[in-house]
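So the sequence shown is residues 1 to 143, counted in full-length UniProt numbering.
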Amino acid sequence: MYKNILVPVDVFETGLADKALSHAHFLAHSSSGKIHLLNVIPPFSPALTRGFIADARKMEEYLIKNWKEKLAELINKLSIKEDEVQIHVRSGNVRDEVTKLADELKADVVIVGSRNPNIQTHLLGSEASGIVRYAHVPVFVVR
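Okay, structure coming up:
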């Protein structure tokens, strides 16, 4: 039923990532599906490196490499086979990149972790809330 499962994670929020990825692994394993693990980094501009565009590119390349390594560590930690997971790292707004990749992959579901909601976001965190609101596929929120 769930052949393409998209799991956006923040590599610095490993508690949320562990829960969401564990749930995705269960669903993927039960339906012979594939997990697409996504980390979104903020967009970079020359303004961040005081106008040196080459430095901004180097910074972005470094961060992408670093995030991919952290995602690989997360996969290994949860004992998920490499052929069950594909890693994606993108730059931009989390909500927009998640919904865009879900559409590109023709994902069956998005599984996202959530924590500490406040009155403004009601029952979800702000990123999870945006994904639920704008995704074109079902979204499971794991706490």
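Just so it is clear, CB atoms sit at the ideal spot from N, CA and C, and this is done for glycine as well.
Sequence-distant residues of the same chain with beta carbon closer than 8 Å to residue i, five excluded per side
i, result
"GLY130", "VAL94, ARG95"
Residue i versus the options, residue with shortest Cα-Cα distance
i, options, result
"VAL109", "ASP18, THR14, LYS34, ASP10", "LYS34"
"ALA135", "SER114, GLY113, GLU97", "GLU97"
"HIS29", "GLU84, SER126, LEU105, ARG133", "GLU84"
"TYR62", "LEU78, GLU82, ILE41, ILE75", "ILE41"
Sequence-distant residues of the same chain with beta carbon closer than 7 Å to residue i, five excluded per side
i, result
"ILE111", "ILE5, VAL7, ALA20, HIS23, ALA24, PHE140, VAL142"
"LEU71", "VAL11, LEU37, ASN39, ILE87"
"ARG105", "For clarity, residue 105 is Leu in the given sequence; the question names Arg instead. Hits under 7 Å: ASN4, LEU6, HIS36."
Residues bridged to residue i [DSSP beta-bridge criterion]
i, result
"LEU38", "PRO8, HIS88"
Residue range of the alpha helix (DSSP H) that includes residue i
i, result
"ILE131", "126–134"
"GLU13", "Neither: GLU13 is in no alpha helix (DSSP H) and is coded neither H nor E."
Exposure of residue i, with buried meaning 16 or more beta-carbon neighbours within 10 Å
i, result
"GLU69", "exposed"
"ARG90", "buried"
Residue i: first and last residue of the uninterrupted beta strand (DSSP E) it sits in
i, result
"GLY113", "109–113"
"VAL137", "Where VAL137 is concerned, there is no enclosing beta strand (DSSP E), given that its DSSP letter is neither H nor E."
Beta-carbon contacts of residue i that lie in its chain and below 6 Å, excluding the five residues immediately before and after
i, result
"VAL132", "VAL139"
"GLU13", "none"
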